[in-house]
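The structure appears below as structure tokens.
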DNA sequence: CAAAATACCATGATATACCATAAAGCATAA
DNA sequence: TTATGCTTTATGGTATATCATGGTATTTTG
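Residue numbers (the numbering used here), protein chains in the order written: chain A, 1 to 156; chain B, 1001 to 1156.
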């Protein structure tokens, strides 16, 4: 790969009874260009699904492999959680992936999924949880920047 | 080789009276692509079976050979244990391997085996032991999280 | 030859790939 | 701007292929 790519935007799609969702078309374009695959796993810290390109995990695996720390407990834990949870998700000719029950349950997703771009990775939220999360994020930002210009504040 | 491959996901399969288990189909695909073989041995630190491609053990052996580390006696011992225990496991035309009594006993596996991907290697657990282990790991990770360096990558 | 290990066959369940229609974006021309 | 046709995308439905697993045949080995 080594191409530039960014997962961006926020897109809401339907999830049917079988767990099928359309991957946003921009994301599909990234997959095609990169010649890699989408990999998803439960976020370690939030009630959402996280996704990235398999290349990213490849990189992680290589780092661990080369760290000469064949028997480290910490690495063992990490690899168990990340690789033990992650799975490839190929999309069919209509652009859909099917999310597993495990992932959907973790993210509390029923019939609607919100894809949120995060650059090198992306997240999938339930509409309710994402709404709350976005609010939290905005509040954190505001606190950290008390001196935002009035113009900026009235934007949006 | 240097092909890309990752053992991922957590998959539960049945073990019959003869010790036969289906190797997850993704794992089989890796074996075919790599033109290497699956090797399994008793984990040195946990009640589980550990597996990887034979290439990996090759690499480990080379590393030991080339590191004239005066203080690596411990690592040397560990690798001796692994090589003394490891064995090739070929799968038949239906995708099954036959786990030995020794391995099954060590992992306390009766009629169900849980395959847990770890990137370049994987583990096989009994459902009960894996459940406990996963919980332990999550607790440890949560505690250490702020100081984990490789984990930066998986941050939000 | 007996016992065990290994390879092959058959089946149902499940996941995957494909088809068809609807909806939405996009460009061009009026 | 507004209307019109075209292309791309989303989504419900269905056919197909794959996989896990119980069973049996065949080979190996002691």
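Glycine is no exception: its CB is placed at the ideal position from the N, C-alpha and C atoms.
Burial state of residue i (16 or more Cβ within 10 Å)
| i | result |
| --- | --- |
| residue 73 of chain A | exposed |
| residue 1111 of chain B | exposed |
| residue 1036 of chain B | buried |
| residue 96 of chain A | buried |
| residue 138 of chain A | exposed |
| residue 1094 of chain B | exposed |
| residue 1136 of chain B | exposed |
| residue 162 of chain A | Outside the displayed span of chain A (1 to 156) sits residue 162 of chain A, for which this structure offers no information. |
| residue 1080 of chain B | exposed |
| residue 1062 of chain B | exposed |
| residue 140 of chain A | exposed |
| residue 77 of chain A | buried |
| residue 107 of chain A | buried |
| residue 17 of chain A | exposed |
Proximal residues to residue i (C-beta, below 8 Å), its chain only, five neighbours per side dropped
| i | result |
| --- | --- |
| residue 101 of chain A | 19 |
| residue 15 of chain A | 21, 99, 104, 109, 110, 111, 112 and 113 |
| residue 1082 of chain B | 1041, 1044, 1057 and 1060 |
| residue 144 of chain A | none |
| residue 134 of chain A | none |
Check whether residue i and residue j have beta carbons under 7 Å apart
| i | j | result |
| --- | --- | --- |
| residue 1008 of chain B | residue 28 of chain A | no |
| residue 113 of chain A | residue 13 of chain A | yes |
| residue 1116 of chain B | residue 117 of chain A | no |
Expected contact under 8 Å - CB spacing of residue i and residue j to nearest Å
| i | j | result |
| --- | --- | --- |
| residue 6 of chain A | residue 119 of chain A | 5 Å |
| residue 1050 of chain B | residue 1040 of chain B | 7 Å |
| residue 30 of chain A | residue 89 of chain A | Actually they are not in contact, since the Cβ atoms of residue 30 of chain A and residue 89 of chain A sit about 13 Å apart, beyond 8 Å. |
| residue 52 of chain A | residue 121 of chain A | 4 Å |
Own chain partners of residue i with C-beta closer than 7 Å, once the 5 adjacent residues on each side are dropped
| i | result |
| --- | --- |
| residue 1066 of chain B | none |
| residue 64 of chain A | 75 and 79 |
| residue 1042 of chain B | 1049, 1085, 1103 and 1106 |
| residue 1091 of chain B | 1023, 1028 and 1097 |
| residue 25 of chain A | 95 |
| residue 32 of chain A | none |
| residue 153 of chain A | Confidence in residue 153 of chain A is poor, its pLDDT being 49 and thus under 50, which makes the residue's placement unreliable; the coordinate value appears in the next sentence. Contacts found: none. |
Sequence-distant residues of its chain with Cβ nearer than 6 Å to residue i (five each side left out)
| i | result |
| --- | --- |
| residue 56 of chain A | none |
| residue 130 of chain A | 114 |
| residue 10 of chain A | 116 |
Worksheet item: Can you find at least 3 beta carbon pairs, one from the region 36-56 of chain A and one from the region 123-131 of chain A, that sit closer than 8 Å?
Response: Judged by Cβ distances under 8 Å, the region 36-56 of chain A makes contact with the region 123-131 of chain A, as three or more pairs qualify.
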